[in-house]
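Numbering (UniProt numbering), first residue to last: 1 to 461. Worksheet: one structure, shown below.
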Ligand code: NDP
């Protein structure tokens, strides 16, 4: 039996990497972990966490306006971008510290360096040139924004990475993409007073979500003043007199201060020594794993966004916990990627779990669709024109709720709880016999007694 320097070596200090390293170390394993940038990874350093802080910041403009309807007179308000960045950076540094502390307390050895594989059991630490060996290796290097280098002028654009550190808030921004990041940042910048345009290649933003919510959010965003150009893509960007001149495929010409690309993310697998170690990747560059997160090399695992699964922090953490069960607790556990509740922190928010109406219609011969659209109570006095949409998709054969979709305030919070009910296999009858919490928006979920319509063999009836 060869002896190794470490039982486990983890490359990448993000959500999946830190969780696997910390828990393995707390089980008494000798663990090393290397991170080339900052511990916490995309989620903590330049993703979910700072994004949510920005979302809060951007909501104040509407809060101030809404206050008048409730009798408040709000004095003149102004926004200081640098103060927000400073406060955000302080909080992120605090969280990064907690990640390091967690690893340290569990007695994992922390390396602040890029690490690359030399072979199936050997890792090179680039800062010192030192090599270390490990019985098991985890690759959790995450992903990065796709820079679309074929786009003329791409080097003039920013990605979400830079959006967190802009020296000043632009007066106008064009955001390319129709996914989570593009939509969330369009709402953030607009809320902070930036003239915002979104450009998306498809017919409707947020392609993987329920059609009703996509349309509802699109309308709400346009009503706020966000310009949305669908069926169009960027064709070139050039710098003209300090601003950016953008041409689109549909011959539109726009002049803006900043262009942000949010056109998907690329797994971080280049120059990682994967070939030397024998780790296979797919044609998108993502590490190929089996259902236990094991790569083509039996002692090397891969977790999170570096694999081609679901790019979400809780998923990476769950995959890490399954890895621990499988490798260190003699309890082979496959990550469960079914019924993942998720939120888009747009304004209004989207919260969703399970199948969209369109997906469910393909899977089941008959569906009952319960749909409510209403003005949220707060809007009655604030005077804001906005609507909440709630939708339950029910398989008529067994009454199971197979999809739940919300557009409205706190939809993300509701999606978390709906995730439990769908995971537990609740039926519409379970929803019906649940007492409402009044007055809330969520009570609508348990008071929609008759279907709004049915879908039979794919046809609405
Ligand atoms: P998404 O996959 O959500 O969106 C990418 C967008 O870019 C899509 O609209 C896609 O269009 C478009 N696109 C891709 N390639 C091109 C191209 N060549 N030309 C024009 N448009 C293109 O990725 P994001 O980058 O927004 O986010 C990455 C991941 O991070 C998400 O999948 C999500 O899992 C996670 N995330 C989660 C958040 C949350 O939980 N709230 C927040 C932010 C990110 P099309 O739809 O037509 O394919």
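Even for Gly, the Cβ is constructed at its ideal location relative to N, Cα and C.
Less than 7 Å between the C-beta atoms of residue 15 and residue 47, yes or no? On the chain shown, residue 15 is found 15 positions in, with the first residue counted as 1. On the chain shown, residue 47 is found 47 positions in, with the first residue counted as 1. No, they are not a contact pair.
N- and C-terminal bounds of the alpha helix (DSSP H) containing residue 328: As a working mapping, residue 328 is identified with position 328 in the chain shown. Start and end: 313-328.
Looking at C-beta atoms only, is the number of pairs between the stretch 351-364 and the stretch 396-415 that lie closer than 8 Å three or more? Contact between the stretch 351-364 and the stretch 396-415 is present, because at least three Cβ pairs lie under 8 Å.
Take every Cβ of the stretch 60-70, pair it with every Cβ of the stretch 29-38, and state whether three or more of those distances are shorter than 8 Å. Judged by Cβ distances under 8 Å, the stretch 60-70 makes no contact with the stretch 29-38, as fewer than three pairs qualify.
6 Å CB neighbourhood of residue 7 in its chain, flanking five on each side removed: Along the chain shown, one-based indexing puts residue 7 at 7. These residues qualify, in order along the chain: 29, 30, 135.
By DSSP, does residue 99 sit in helix, in strand, or in coil? As a working note, residue 99 is residue 99 in the chain shown. Three-state result, residue 99: helix.
State the CB to CB distance for the pair residue 262 and residue 181, rounded to an integer number of angstroms; the pair is presumed to be in contact (CB under 8 Å). For this step, residue 262 is matched to residue 262 along the chain shown. For this step, residue 181 is matched to residue 181 along the chain shown. At roughly 4 Å, the Cβ-Cβ gap stays under 8 Å, so residue 262 and residue 181 are in contact.
Using alpha carbons as the reference points, say which of 23, 226, 26, 43 lies closest to residue 304. As a position in the chain shown, residue 304 is number 304, starting the count at 1. Answer by Cα proximity: 43.
Taking its Cβ as the centre, do 16 or more other Cβ atoms sit within 10 Å of residue 293, making it buried, or is it exposed? Here residue 293 refers to the residue found at position 293 when the chain shown is read from its first residue. Within a 10 Å sphere around the beta-carbon of residue 293 sit 16 or more other beta-carbons, which makes this residue buried.
Which class does residue 374 belong to by DSSP, given the choice of helix, strand or coil? Here the question's residue 374 lines up with position 374 in the chain shown. In this structure, residue 374 counts as strand in the three-state DSSP scheme.
Anyone know if the C-beta pair for residue 346 and residue 192 falls short of 7 Å? Along the chain shown, read from residue 1 onward, the residue named residue 346 stands at position 346. Along the chain shown, read from residue 1 onward, the residue named residue 192 stands at position 192. Against a cut-off of 7 Å, the Cβ pair of residue 192 and residue 346 comes out as no contact.
Which same chain residues, not among the five before or five after residue 104, have their C-beta less than 7 Å away from its C-beta? Indexing the chain shown from 1 puts residue 104 at position 104. When the five nearest sequence neighbours on each side are left out, the beta carbons in the same chain lying within less than 7 Å of the beta carbon of residue 104 are those of 110, in order along the chain.
Just checking, does the stretch 247-254 make contact with the stretch 87-95 on the three C-beta pairs under 8 Å criterion? The stretch 247-254, when compared against the stretch 87-95, does not touch it at the 8 Å Cβ threshold.
Residue range of the alpha helix (DSSP H) that residue 182 falls in? Working through the chain shown from its first residue, we reach residue 182 at position 182. Taken as a continuous stretch (DSSP letters only), the alpha helix (DSSP H) holding residue 182 covers 180-191.
According to DSSP, is residue 471 helix, strand or coil? The question about residue 471 has no answer, for the chain in this structure spans 1 to 461.
What number of angstroms, rounded off, separates the C-alpha of residue 17 from the C-alpha of residue 339? Stepping through the chain shown from its first residue, residue 17 is reached at position 17. Stepping through the chain shown from its first residue, residue 339 is reached at position 339. Between residue 17 and residue 339, the C-alpha separation is close to 23 Å.
First through last residue of the alpha helix (DSSP H) which encompasses residue 59: By one-based count along the chain shown, residue 59 stands at place 59. Run containing residue 59: 48-67, per the alpha helix (DSSP H) assignment.
Delimiting residues of the alpha helix (DSSP H) encompassing residue 356: Stepping through the chain shown from its first residue, residue 356 is reached at position 356. If you look at residue 356, you'll find it isn't in any alpha helix (DSSP H); DSSP assigns it neither H nor E.
Go ahead and pull the three-state DSSP assignment for residue 405. Position 405 of the chain shown, counted from the start, is the residue given in the question as residue 405. Three-state DSSP puts residue 405 in a strand.
Which residues does DSSP list as the beta-bridge partners of residue 343? Counting from one through the chain shown, the residue named residue 343 turns up at place 343. Per the DSSP secondary-structure output, residue 343 pairs in a beta bridge with 351.
Compare the C-alpha of residue 212 against each of 308, 238, 115, 408 and name the closest. For the purposes of this step, residue 212 is taken as residue 212 along the chain shown, with counting starting at 1. Cα-wise, what sits closest to residue 212 is 408.
Once the 5 residues before and after residue 224 are set aside, which same chain residues still bring their CB inside 7 Å of it? On the chain shown, residue 224 is found 224 positions in, with the first residue counted as 1. Beyond the five residues adjoining it in sequence on each side, residue 224 comes within less than 7 Å, by CB distance, of 190 in the same chain, given in chain order.
Can you list, in chain order, the residues of its chain whose CB lies under 7 Å from that of residue 52, leaving out five sequence neighbours each side? For the purposes of this step, residue 52 is taken as the residue at position 52 of the chain shown. Cβ neighbours of residue 52 beyond the five flanking positions: 345.
Inter-residue Cα distance where the pair is residue 170 and residue 116: As a first step, residue 170 is located in the chain shown; it is residue number 170 there, counting from the start. As a first step, residue 116 is located in the chain shown; it is residue number 116 there, counting from the start. Cα to Cα, the separation comes out at about 38 Å.
To the nearest angstrom, how far is it from the Cα of residue 462 to the Cα of residue 459? In the structure as shown, the chain begins at 1 and stops at 461. Residue 462 is therefore absent and cannot be evaluated.
Below 8 Å on the Cβ atoms is my contact criterion, and I expect residue 198 with residue 228 to pass it. Report the Cβ-Cβ distance as a whole number of Å. Counted from its first residue, the chain shown places residue 198 at position 198. Counted from its first residue, the chain shown places residue 228 at position 228. Yes, residue 198 and residue 228 are in contact; Cβ-Cβ is about 5 Å, under 8 Å.
What ranges does the beta strand (DSSP E) occupy inside the stretch 92-156, keeping only unbroken runs of at least 3 residues that lie completely in it? The beta strand (DSSP E) runs lying completely inside the stretch 92-156 and spanning 3 residues or more are 109-111, 115-119, 122-125, 130-139, 143-145, given in chain order.
Enclosing alpha helix (DSSP H) for residue 16 [first to last residue]: Counting from 1 along the chain shown, the entry for residue 16 is found at position 16. Secondary structure note for residue 16: its alpha helix (DSSP H) is the uninterrupted segment 15-26.
Taking the C-alpha atoms as reference points, what is the distance between residue 446 and residue 435? Taking the chain shown and counting its residues from 1, the one referred to as residue 446 is at position 446. Taking the chain shown and counting its residues from 1, the one referred to as residue 435 is at position 435. Distance between the alpha carbons of residue 446 and residue 435 is about 7 Å.
Best match in 163, 10, 231, 150 for proximity to residue 138 [C-alpha to C-alpha]: For the purposes of this step, residue 138 is taken as residue 138 along the chain shown, with counting starting at 1. Of 163, 10, 231, 150, the smallest CA-CA separation from residue 138 is found for 10.
Following a CB-centred definition, is residue 263 positioned closer than 6 Å to any heavy atom of ligand 1? Numbered from its first residue, the chain shown carries residue 263 at position 263. The answer is yes for residue 263.
Going by DSSP, what residue range makes up the beta strand (DSSP E) through residue 9? Locating residue 9 in the chain shown gives position 9, counting from the first residue. Unbroken beta strand (DSSP E) run through residue 9: 6-11.
Per DSSP, which one or two residues make a beta bridge with residue 247? Taking the chain shown and counting its residues from 1, one reaches residue 247 at position 247. As a beta-bridge residue in DSSP terms, residue 247 pairs with 236, 253.
Are there any heavy atoms of ligand 1 lying less than 6 Å away from the beta-carbon of residue 178, as far as the coordinates show? Position 178 of the chain shown, counted from the first residue, corresponds to residue 178. It does: the Cβ of residue 178 is within 6 Å (strictly closer) of some heavy atom of ligand 1.
I'd like to confirm something about residue 311: is its beta-carbon nearer than 6 Å to some heavy atom of ligand 1, or not? Counting from 1 along the chain shown, the entry for residue 311 is found at position 311. Yes, since a heavy atom of ligand 1 falls inside the 6 Å radius drawn around the Cβ of residue 311.
Which one of 286, 260, 319 has the shortest CA to CA distance from residue 23? Here the question's residue 23 lines up with position 23 in the chain shown. Each of 286, 260, 319 was checked against the Cα of residue 23, and the nearest Cα belongs to 319.
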